[in-house]
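Chemist: Sequential numbering from 70 applies to the sequence shown in the numbering used here. A virtual CB, placed ideally from N, CA and C, is assigned to each residue, including glycine.
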Amino acid sequence: LFTQSIDGSDLRVLQPEIWLTKVAISPDGAKIAGMHPTKNLVVLDAQGGPPVEIPLGFPSTPLRWSEDGRYLYVATTEIPARILRIDVTANSYLVWKTVAPSDPAGVNQIFTMLLTGDAQTAIYSYERKLSEVYVVDGWH
70 LFTQSIDGSD LRVLQPEIWL TKVAISPDGA KIAGMHPTKN LVVLDAQGGP
120 PVEIPLGFPS TPLRWSEDGR YLYVATTEIP ARILRIDVTA NSYLVWKTVA
170 PSDPAGVNQI FTMLLTGDAQ TAIYSYERKL SEVYVVDGWH
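(1) Considering only residues of the stretch 152-199, which uninterrupted beta strand (DSSP E) runs meet the minimum length of 3 residues and lie entirely inside it, listed in chain order?
(2) Could you check if residue 80 is buried or exposed, using at least 16 other CB atoms within 10 Å of its CB as the buried criterion?
(3) Taking residue 149 as the reference, give the member of 131, 179, 72, 136 with the closest Cα.
(4) Excluding the five sequence neighbours on either side, which residues of its own chain have a C-beta within less than 6 Å of the C-beta of residue 176, listed in chain order?
(5) Do residue 152 and residue 168 come within 9 Å of each other at the CB atom, strictly closer than that value?
(6) Under a Cβ-count criterion, where at least 16 other Cβ atoms within 10 Å of its own Cβ denotes burial, should residue 75 be classed as buried or exposed?
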């Protein structure tokens with residue numbers, strides 16, 4: 070990961086070098102959260118320093134930080150999806166909300182989810198796979 074000023078100057082490599090996906094940056098820019106290739110949630114200081122792994126024990130995706138930067142919201146991908154509110158300083162979390170399509174038939178995973186800045190509205194996409202079974206009598 071790199072940090073850089075918005076004007077394009079001051080490009081720096083974060084130390085230690087790390088690779089994260091699905092990154093969420095805290096409102097003050099001081100913390101970065103993302104998914105490590107080990108599938109663990111990682112939080113690190115934007116100025117560098119050792120990453121802090123938050124072992125949840127299940128796949129999750131960082132959504133955003135709370136407006137005050139105290140909590141990190143993450144979502145699971147199962148149906149219904151759980152939105153967790155993680156207190157990264159206490160290394161604890163609670164299930165904050167659950168979301169699912171009103172008709173979950175054929176839905177096996179929620180994909181992209183976004184959460185508004187005030188954490189009051191979530192939008193998400195999912196894939197529905199439906200099939201039909203036909204019974205045929207008299208086939209020779």
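Modeler: Quick look at the numbers:
(1) Within the stretch 152-199, the complete beta strand (DSSP E) runs of at least 3 residues are 161-168, 176-184, 191-197.
(2) The residue you call residue 80 lines up with position 11 of the sequence shown. Exposed, because fewer than 16 other Cβ atoms sit within 10 Å of the Cβ of residue 80.
(3) Against the sequence shown, residue 149 aligns to sequence position 80. It is 179.
(4) Here residue 176 refers to the residue found at position 107 of the sequence shown. So the list reads 148, 170, 195, 197, once near-sequence residues are dropped.
(5) Residue 168 sits at position 99 when you count from the first residue of the sequence shown. Residue 152 sits at position 83 when you count from the first residue of the sequence shown. Taking 9 Å as the Cβ cut-off, residue 168 and residue 152 qualify as a contacting pair.
(6) The sequence position of residue 75 within the sequence shown is 6, counting from 1. Result: exposed.
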